[in-house]
Every structure is written in structure tokens, then in C-alpha cells.
Amino acid sequence: MELRQNFDLKLYFLMAKLKLFDGFKDGFCEKLKCESLDIHLFNTKSTPWSLVYLHGSMHLLSKLEKDFDALKLANVQSGNLIENREKLCRSGKFHDLFVLGGTTEEKLNIIKHNIYLKNALESLKNIEGDIVIYGCSIDDNDAHIWKNICDSRTNNIYIGISKDCNDKNIDR
Numbered sequence: 001m002e003l004r005q006n007f008d009l010k011l012y013f014l015m016a017k018l019k020l021f022d023g024f025k026d027g028f029c030e031k032l033k034c035e036s037l038d039i040h041l042f043n044t045k046s047t048p049w050s051l052v053y054l055h056g057s058m059h060l061l062s063k064l065e066k067d068f069d070a071l072k073l074a075n076v077q078s079g080n081l082i083e084n085r086e087k088l089c090r091s092g093k094f095h096d097l098f099v100l101g102g103t104t105e106e107k108l109n110i111i112k113h114n115i116y117l118k119n120a121l122e123s124l125k126n127i128e129g130d131i132v133i134y135g136c137s138i139d140d141n142d143a144h145i146w147k148n149i150c151d152s153r154t155n156n157i158y159i160g161i162s163k164d165c166n167d168k169n170i171d172r
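Residue numbers for the sequence shown follow the UniProt record's numbering, so the first one is 1 and each next one is one higher.
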């Protein structure tokens with residue numbers, strides 16, 4: 001399993017490799033077997049979350065039926081995570097669950113139509129203490145994230161940045 005496969009999956013792979021999912025709750029817990037494919041999925045539950053994917057992720061899917069809002073592919077099964085994701089999407093029963101680019105308003109329009117994404121964004125308001133942000137561009141089109149963080153009781157914000165990050169955004 002290589003960490004360089006996709007930026008979106010780095011945190012997921014690292015947490016799996018270090019066996020950190022026991023200490024963090026991402027709301028996915030009920031194991032489901034996908035018929036006709038050797039792939040296991042995890043359904044969301046309304047448990048308190050300490051890890052959220054605010055704009056979705058490459059390993060998250062929505063099922064076209066109304067029974068499920070979001071499903072997580074697990075790295076513990078056989079096969080490549082990205083290949084398994086593509087198989088599920090090609091089956092016509094699932095579609096990607098992630099928000100790419102756009103303005104804050106465009107992102108919010110997608111978020112408000114998905115219960116998982118909406119709950120993930122709202123969960124920021126319930127934070128007490130410290131928050132760690134990984135994989136966020138710290139740009140104007142993420143104002144919806146910053147608004148909810150400002151509405152929380154966050155003490156400290158730790159932000160993981162890349163070497164390619166724009167210095168003017170860091171200074172803000």
C-alpha cells in the first residue's frame with residue numbers, strides 16, 4: 001500500500017497502517033457485503049465523530065438507493081482500494097462522494113444535498129478543544145468550513161500544509 005497513490009487517501013492509509021481507527025470515530029461502523037463483488041462497505045451511523053471528511057473522499061461513496069447516505073470502502077479487503085471504487089461506480093449502484101473545486105456557494109449546494117456531508121460540516125460547530133485540519137487549501141472557497149469552526153469552542157487549530165502551499169494564505 002503506497003501513500004503516494006492519492007492525496008485524498010494519505011490520511012486514511014496512514015491511520016489504517018498505524019491502526020488509529022480505534023481511537024477515532026468516523027461514523028462508519030456497520031459492515032456490509034456488496035453483492036457480486038468481493039468488496040466490503042461500511043455504512044454510516046449517528047455515533048459522535050472525531051474524524052470527518054468535509055468534502056468527501058476517494059474512499060467514500062453514495063448508494064443510489066435511499067437506504068444509505070454514505071459508504072466507506074475499507075482497506076482491509078483484498079484488492080486495490082481505487083480499483084474497487086471504480087468497480088462499484090461502474091456497477092451503476094454507487095457514485096462518488098466528494099466535492100471538487102468551485103466557490104463556497106457551489107460547494108455548499110452539493111453539501112446540503114448529502115446527509116453525510118451536511119452532518120460533517122455541522123459537526124465542526126460541536127468541537128471543543130483542539131482541531132487538526134489536514135488537506136484543506138485554506139482558501140476563500142472554504143469559507144463555509146471556517147465559519148463553522150469560528151462558531152465552535154475550538155481552542156487551537158493545527159493545520160497540515162504542503163510545501164506547495166501559497167504563503168499568503170498561511171499568513172492569513
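In this text, a Cβ means the ideal position worked out from N, Cα and C, and glycines have one as well.
When the Cα atoms are used, K107 and L100 turn out to be separated by approximately 8 Å.
For the pair A70 and N155, the Cα-to-Cα distance works out to about 30 Å.
Your pair H95 and L61 checks out as a contact, with CB atoms roughly 7 Å apart and the cut at 8 Å.
If you compare the alpha carbons of K93, I157, Y53 with that of I111, the shortest gap goes to Y53.
A buried status is given to Y116, since no fewer than 16 other beta-carbon atoms sit within 10 Å of its beta-carbon. For K63, the enclosing beta strand (DSSP E) stretches over residues 56-63.
Comparing C-alpha distances from A16 to each of G92, L81, I159 shows the shortest one belongs to L81.
Burial state of I145 is buried, judged by a 10 Å Cβ sphere holding 16 or more other Cβ atoms. Remark: C-beta atoms of D151 and K125 approach each other more closely than 8 Å.
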